[in-house]
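Participant: Structure incoming, see below.
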Amino acid sequence: MRQYAFFLGCIAPNRYPGIEAAAIKTSRNVGIELLPLNGASCCPAPGAFGSIDLKIWYAMAARNVVLAEQMGMDIALICNGCYKSIYEVNEKLKHNDDLRDGVNEVLAEIDMEFKGSIDVWHLAELYYDPEIVGVKKLAESVTHPLTGARIAVHYGCHLMKPKKERHFGDTEHPMWIEELVAALGAEPVQYRNKMLCCGAGGGVRGFDLTHALDITNEKLINLQEAGADALTEVCPFCQLQYDRGQIEIEEKFGVTYGLPVLHYNELLGLAQGMSPDELALDLHAVSVDPFLKKIL
Amino acid sequence: MAKTKYNDPKLEEKLRDRKYYITDSNPEFLKDVERIGRTIAHMCFQCGTCTGSCPSAPRSSYRIRLFMRKAVMGLEDEALTDPDLWLCTTCYSCTDRCPRDIAPTDVIMAMRNLAARRDIIPRNFLKTTQLIYQTGHGVPNNDVNRAARRKLGLTEEPPTTHMYPEYIKGIRKIMDHYGLKERADRILAEGE
Ligand code: SF4
Ligand code: SF4
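The listed protein sequences correspond, in order, to chains L and C. Just so we're aligned, residue 626 is where the first sequence starts under my numbering, counting upward by one. Just so we're aligned, residue 9 is where the second sequence starts under my numbering, counting upward by one.
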């Protein structure tokens, strides 16, 4: 078992706890043990904090990183927004003395010090990495293949972009999450403008909901055109935007899509035989039932 | 650009256009933006690839290329008081595609930081920081979720600041170091 400090963020544990439960269980089946990162907080929200003062964002994110340094463990997480804060701040502080010194001055007030001794990973990249898990081992963990389901992927923005500060390569037409979907026995579906943002980031969801939803609506139009049975992503904030967003779009724009939206770990949970109840799928705003009927 | 004297009446006459003589320009603005955003905004040659990549452009008057120009021209007041500044979703599409290797997204972040120094911050941003000051979470737990967590066999409170509130003290100290709580309270109260 490889062990990681599991950074939860906010939306998974506090709105879609099924993602948290699924991540812990499904990872164990492929040789990853996720241990609680006690006392962690919001990453903090890169849109809200970064926009007000990047220095506060660095310091607050660094506090979370230091908790994992104290455990002596790399961080694994399940949200692109958290990745933006935790991964990016960890890398920036490792490689820029001026930033690290500034942050450590503040952290000294709470008896902490950023050392730069750990790495930060998104669970999805650990699944894809053949040296950690890999598509083959992932496929072997499947007991209930999602045969016949056509699933589209939303990559989100902050995992892979900006590409020069990441290590995922192509950000125009990536296909690696589709490979993770195919490993579950489902059929990945392509759609127009796949890499378009969900609309929620940068504080826009809170600042101008209609504007944010209009972006989401464009994505939903393209997804409907492709005939997807479900949309999967690796970011609970994107999930919230698509899932609750569909209800809001119905109210504001009068269009209904009924497209089930599932985090990749929820899909993996289903494929490893977890029941909808064990994943709290009833907490989703858009009913997942049409999708479940297809696969169960 | 600050007004330049050319000592040539004909040239002065030709350039008497506001486009060339902008008196409210602050040359320090570009430097501030580049320092905070850690990106080379002055390299922008106005190709428009950024606006062409931007999800917010087709549905608003927000134009990232325009903000790039305002950075270079030093049009600080115009840029920082424009509400469009807050329509960037920080998707980084422009950053990945900019042929000059600039990060327009980080130019926006730097401008937002500078706007924040003038107390121009949307309310929803401030409310998120207040929630984190109170609970450690921007999206805190609630009763429906606690019940669901119990059913899933998870702890009612996740093992974060929710389960260990003693860690909130450190978070408050960091935010207080920057006076963020006090500022958020004050700006929100002024807007009531
Ligand atoms: S893409 Fe780059 S060079 Fe082109 S206008 Fe935008 S910031 Fe300037
Ligand atoms: S990062 Fe902002 S400015 Fe750049 S393309 Fe995305 S929304 Fe537009």
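Glycine is no exception: its CB is placed at the ideal position from the N, C-alpha and C atoms.
Quick one: which chain L residues come within Cβ less than 8 angstroms of residue 147 of chain C?
Facilitator: Ordered by position in chain L, the residues that pass the 8 angstroms Cβ test against residue 147 of chain C are 635, 636, 639, 640, 667.
Participant: Quick check on DSSP: helix, strand or coil for residue 632 of chain L?
Facilitator: strand
Participant: Can you name the start and end residues of the beta strand (DSSP E) that residue 661 of chain L belongs to?
Facilitator: 657 to 661
Participant: Does the beta carbon of residue 696 of chain L sit closer than 8 angstroms to a beta carbon anywhere in chain C?
Facilitator: no
Participant: Quick one: give me the first and last residue of the alpha helix (DSSP H) that residue 41 of chain C is part of.
Facilitator: 35 to 45
Participant: Listed in chain order, which residues of the segment 101 to 121 of chain C have Cβ atoms closer than 9 angstroms to some Cβ of chain L?
Facilitator: 101, 103, 104, 105, 109, 111, 113, 114, 116, 117, 118, 120, 121
Participant: Taking the beta carbon of residue 10 of chain C as the centre, do at least 16 other beta carbons fall within 10 Å, making it buried, or is it exposed?
Facilitator: Residue placement at residue 10 of chain C cannot be trusted, given a pLDDT of 48 that sits under 50; the coordinates are not used to answer.
Participant: Look at residue 771 of chain L and residue 810 of chain L and say whether their C-beta atoms are less than 8 angstroms apart.
Facilitator: yes
Participant: Helix, strand or coil for residue 713 of chain L per DSSP?
Facilitator: helix
Participant: Run the Cβ filter for me: residues under 7 angstroms from any heavy atom of ligand 4, listed in the order they occur in the chain.
Facilitator: Ligands displayed in this structure: ligand 1 and ligand 2; ligand 4 is not among them.
Participant: Taking Cβ-Cβ distances shorter than 8 angstroms, what residues in chain L pair up with residue 183 of chain C?
Facilitator: 681, 685
Participant: Going by the beta-carbon positions, is the gap between residue 100 of chain C and residue 786 of chain L smaller than 8 angstroms?
Facilitator: yes
Participant: If you measure between the beta carbons of residue 791 of chain L and residue 852 of chain L, is that distance less than 8 angstroms?
Facilitator: no
Participant: Does the segment 171 to 191 of chain C touch the segment 706 to 719 of chain L, meaning 3 or more C-beta pairs lie closer than 8 angstroms?
Facilitator: no
Participant: Could you tell me which of L/720, L/699, L/902 sits nearest to residue 744 of chain L, measuring between CA atoms?
Facilitator: With distances taken between Cα atoms, residue 744 of chain L lies closest to L/699.
Participant: In chain order, what residues of the same chain lie with their CB nearer than 7 angstroms to the CB of residue 77 of chain C, ignoring the 5 residues before and after it?
Facilitator: 54
Participant: Where does residue 194 of chain C sit, in a helix, a strand or coil, going by DSSP?
Facilitator: helix
Participant: Quick check on this structure: which residue in L/835, L/846, L/723, L/908 has the alpha carbon closest to the alpha carbon of residue 884 of chain L?
Facilitator: L/846
Participant: Assuming residue 836 of chain L is part of the alpha helix (DSSP H), what are its boundary residues?
Facilitator: Where residue 836 of chain L is concerned, the enclosing alpha helix (DSSP H) stretches over 834 to 851.
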